[in-house]
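All residue numbers for the sequence shown refer to numbering that gives the first Met the number 0, where the first residue is 0 and numbers rise by one.
Cβ coordinates follow ideal geometry from the N, Cα and C atoms, glycine included.
Every value quoted in this text rests on a predicted model; they were computed, and no experiment measured them.
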Amino acid sequence: MLEAVWIAFAFTLGFLVHRMGLPNLIGYLAAGFAISAVAPALNLPEENGEILDHIAHLGVLLLLFTVGLKLRLRNLVRPEVIGGGLLHFTVSCLVLAPAFYLFMDISPYTAGMLAVALAFSSTVLAAKVLDSKRELRAFHGRVAIGILIVQDLIALVVMAFANGETPSWWALLIFALPLLRPVFYRLLDMSGHDELLMLLGLLLALAVGGQGFESVGLSSELGALAFGALLANHPRATELSNSLWSVKELFLVGFFLQIGMEGLPDADMLIFAAIMTLVLPLKGLLFFVLLLAFKLRARSAFLTGLSLSNYSEFGLIVASVALPEWLVPIAITLAFSFVLSAPLNHIAHPLYEKLANRLQKLERDSWHPDEQPISLGDAEVVVMGMGRTGAAAYERLQKQGYKLIALDSDPGKVDKHRKAGRNILFADAEDQAFWQGLDMTQIKAVVLSMSDSEAKIISARKLRSNGFEGYIVSHSLYEDEANRIDAAGANRTYLTMNEAGTSLAEHICQYMQTGRAEH
0 MLEAVWIAFA
10 FTLGFLVHRM
20 GLPNLIGYLA
30 AGFAISAVAP
40 ALNLPEENGE
50 ILDHIAHLGV
60 LLLLFTVGLK
70 LRLRNLVRPE
80 VIGGGLLHFT
90 VSCLVLAPAF
100 YLFMDISPYT
110 AGMLAVALAF
120 SSTVLAAKVL
130 DSKRELRAFH
140 GRVAIGILIV
150 QDLIALVVMA
160 FANGETPSWW
170 ALLIFALPLL
180 RPVFYRLLDM
190 SGHDELLMLL
200 GLLLALAVGG
210 QGFESVGLSS
220 ELGALAFGAL
230 LANHPRATEL
240 SNSLWSVKEL
250 FLVGFFLQIG
260 MEGLPDADML
270 IFAAIMTLVL
280 PLKGLLFFVL
290 LLAFKLRARS
300 AFLTGLSLSN
310 YSEFGLIVAS
320 VALPEWLVPI
330 AITLAFSFVL
340 SAPLNHIAHP
350 LYEKLANRLQ
360 KLERDSWHPD
370 EQPISLGDAE
380 VVVMGMGRTG
390 AAAYERLQKQ
400 GYKLIALDSD
410 PGKVDKHRKA
420 GRNILFADAE
430 DQAFWQGLDM
440 TQIKAVVLSM
450 SDSEAKIISA
460 RKLRSNGFEG
470 YIVSHSLYED
480 EANRIDAAGA
490 NRTYLTMNEA
500 GTSLAEHICQ
510 YMQTGRAEH
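Next comes the structure, spelled out in structure tokens:
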């Protein structure tokens, strides 16, 4: 009965929200509150129950494990990540704690811990939004995830002190984990492509990472993230992440339901949550200012700040340890921040386009090394996005003797293709500054092979508005997206699956006509 209610409410409200063009997770949050509201009439238990709590916890662990699979730790140990994370946390606490103490009838300790709980940003929401837009490895995605990891480590320290507990000496063994990387790599190589691969992911994320870290007094969330990062450089890391996708998404529905089912708020709780939601733009603004100070361009600072403009599920965890009486108000505040943040992140790129001229005036004179303007050299064809489709297009054009240059916003892909001898540069085609002053006079054709449809639309529009008259070709999985890309300026957008089917049929036709199989 209980599970049927969860599924029915989650699907119904998730579907309605999806039809409104909003992220599904908002519907799942609303479903949690709706279940709380109707629980007495349906004779449902007031508590979430161990089943939902466990499902929610597994969802968070799997999400963090898949985030870890996409991390490059060498990219996280950077001034903007460590400095931005620590400075934002410090400034937030120094501002919020006195404000809570002065305007609310609470003790200094409660004010301080409440400030700490609300200083963090949501790892779950940011990672899910960035992952859904395939921006975890984009420059701003890496910065955002790096800052979140810094915050999560701070949260672990805070909870240790609030609990009065410290990790056991066995926790020092985690520093030996890199020595076991060859063993895990070998297991990954030997696990095939079916359910064994998924089971290996579940084993490492939930049992070895999650439960293993808990057994030595560390956070299971940190364990899942650490084991994902341990495998991030393996060639099959992406395949492992994809194999866990449906399980992760299903369990995360439980996480969002759990937040909404923490309880219905009273008037004071709603007022508190509304006020803290109004403060969210200041949280994002502080991130924006700090990242500009670390020489990031306005676009990266804006997108990073927007993805971090929310409150964290770690705030609930901190509250459960140090401020149990504040658990429901913080849960409502967290839900409100998700409702505001998720739609804004959904339109982050078009929103920046409208504000770009004003925001770029705030940039520092010197820019971050990862974001220096680039030259396209003597290339005559540009391939934007070097995933499987882009790489295949690059190889075919290279065999034809064309002068090529490839662009990608994933430093890992850039390094990989450079080692393979391809002419590729780190660049984000969605960055307005990339297009300013870019000389396209020698470019005759552009291949748009990025995974995100919005990126292809923006790129086609920018190419045409900058006077490019050459040929623009793109691909898409869906016909409506293809129509939008064509409307933005592409000469032709191919439907990927249709073209794959046509190509297969051509091979058959050639065989039928010649009687010879093509190799």
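Member of the options whose CA lies at the smallest distance from the CA of residue i
i, options, result
"V380", "D364, R363, G386 and G400", "G400"
"P410", "Q397, I404 and A426", "A426"
"I331", "I270, K282, F301 and L230", "I270"
"E498", "Y477, R515, G514 and D485", "Y477"
"D130", "I258, M439, P78 and K247", "K247"
"L469", "M449, D485 and M439", "At residue 469 the sequence reads Gly, which differs from the Leu that was named. When each option's Cα is compared against that of G469, the closest is M439."
"G488", "S473, S502, M496 and T122", "S473"
Within-8 Å CB hit, residue i to chain C
i, result
"I316", "In the structure shown, chain C does not exist; there is a single protein chain."
Proximity below 8 Å, CB of residue i to CB of residue j
i, j, result
"W434", "N465", "yes"
"Q150", "G84", "yes"
"V157", "V338", "no"
"G259", "G111", "no"
"N309", "S458", "no"
"L12", "A38", "no"
"S35", "V142", "no"
"W598", "V215", "Residue 598 lies beyond the stretch modelled for the chain, which goes from 0 to 518, so this question has no answer here."
"A225", "G208", "yes"
"G253", "A55", "yes"
"L307", "G283", "yes"
"A405", "M385", "yes"
"S448", "T388", "yes"
Through-space distance from residue j to residue i, alpha-carbon basis
i, j, result
"A118", "G500", "51 Å"
"V278", "P349", "23 Å"
"H416", "L221", "31 Å"
"L86", "L289", "8 Å"
"L241", "G376", "Position check: residue 241 holds Asn in this sequence, whereas Leu was assumed. Approximately 36 Å, taken between the alpha carbons."
"L57", "I329", "22 Å"
"A9", "A334", "15 Å"
"G140", "A231", "16 Å"
"Y184", "L198", "15 Å"
"A223", "S311", "18 Å"
"L63", "V90", "26 Å"
"P78", "L494", "42 Å"
"F250", "K418", "38 Å"
"Y108", "S452", "48 Å"
"L176", "F212", "12 Å"
Environment of residue i [buried if 16+ CB atoms lie within 10 Å]
i, result
"N394", "According to the sequence shown, residue 394 is Glu rather than Asn. E394 should be labelled exposed."
"E2", "exposed"
"Y27", "buried"
"H17", "exposed"
"P521", "Outside the shown range of the chain (0 to 518) lies residue 521, about which nothing can therefore be said."
"Q509", "exposed"
"V382", "buried"
"P264", "buried"
"D364", "exposed"
"A96", "buried"
"K461", "buried"
"S218", "buried"
Residue i Cβ short of 7 Å to the ligand ZN heavy atom set
i, result
"D414", "The ligand ZN is absent from the structure shown, which contains no ligand whatsoever."
The segment 228-243 contacting the segment 52-69, beta-carbon criterion three pairs below 8 Å: Taking 8 Å as the limit for Cβ pairs, the verdict is that the segment 52-69 does touch the segment 228-243.
Under 8 Å, with one C-beta from each stretch per pair, do the segment 279-296 and the segment 35-43 reach the 3-pair mark? Taking 8 Å as the limit for Cβ pairs, the verdict is that the segment 35-43 does not touch the segment 279-296.
Inter-stretch contact at 8 Å, needing at least 3 Cβ pairs: the segment 338-347 / the segment 436-444: no
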